[in-house]
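In what follows, a structure is listed as structure tokens, so that the remarks can point back to it.
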Amino acid sequence: MKIKTVTAAIIILLTAAFSTSFSAIDQTYVERILKENRDFIDFIDMGVTNFSQDKKNDLFNIYQKHFNAEVAFLQGDYKRAFDSVYDSQKDMVVLYEHMLTELYLEDSKNILDNIAPVIIKSKDPIARQYLTLGYRDRTLARTNYVVG
Numbered sequence: 000m001k002i003k004t005v006t007a008a009i010i011i012l013l014t015a016a017f018s019t020s021f022s023a024i025d026q027t028y029v030e031r032i033l034k035e036n037r038d039f040i041d042f043i044d045m046g047v048t049n050f051s052q053d054k055k056n057d058l059f060n061i062y063q064k065h066f067n068a069e070v071a072f073l074q075g076d077y078k079r080a081f082d083s084v085y086d087s088q089k090d091m092v093v094l095y096e097h098m099l100t101e102l103y104l105e106d107s108k109n110i111l112d113n114i115a116p117v118i119i120k121s122k123d124p125i126a127r128q129y130l131t132l133g134y135r136d137r138t139l140a141r142t143n144y145v146v147g
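For reference, each letter of the sequence shown is one residue, going 0 to 147 in numbering that gives the first Met the number 0.
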């Protein structure tokens, strides 16, 4: 009888130890993705604030989901925190795509096209090199967008 009791106690202790260690892994993982998500939100905030006032509500909804994830993390509900971060990032992908395609790539093309005739007429080799680099970087950004 004592052997069964000791065996049951050992099994219970091992189960508790393993469940605690797995929740610690979940906690550290969720803590890391919360910080990364916060950095992503800070990055997109500058573009929305400066260039796209009509997307403020989208940014607010993204931040609200992130805030709910932080609250869930503080409550110890790591699965709900992870799900909220994931939902926030799904919405953020749409906003990043809008900012890149509709604003940055179009505006950079307009700027480069407007200054290109002046640079070509000036026959300045350094200015031409920078113009070429500008077009190259814009094409590279477009390629990275398509690959992503």
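Backbone N, C-alpha and C define an ideal beta-carbon position, used for all residues, glycine too.
| Check | Outcome |
| --- | --- |
| Can you give the beta carbon distance from S87 to A68, rounded, assuming they're within the 8 Å contact cut? | 7 Å |
| Go through the region 83 to 146 residue by residue and report every complete run of the alpha helix (DSSP H) that reaches 4 residues or more, in order. | 104 to 121, 124 to 146 |
| Could you round the C-beta distance between D90 and N60 to whole angstroms and report it? I think they count as a contact, below 8 Å. | 6 Å |
| Going by beta-carbon coordinates alone, are V47 and L58 separated by less than 8 Å? | yes |
| Going by DSSP in three states, G75 sits in which element: helix, strand or coil? | coil |
| Measure the alpha-carbon distance for D112 versus I119 and round it to whole angstroms. | 11 Å |
| Would R137 pass as a contact of K108 if the rule is Cβ separation under 8 Å? | yes |
| Short of 6 Å in beta carbon distance, which residues of its chain neighbour V84, apart from the five on each side in sequence? Order them along the chain. | I32, N36, A68 |
| How long is the line joining the alpha carbons of L139 and Q74, rounded to whole angstroms? | 43 Å |
| Give the C-beta separation of Y77 and D41 to the nearest angstrom, bearing in mind that I take them to be a contact with Cβ-Cβ under 8 Å. | Incorrect: roughly 23 Å between the Cβ atoms, too far for contact. |
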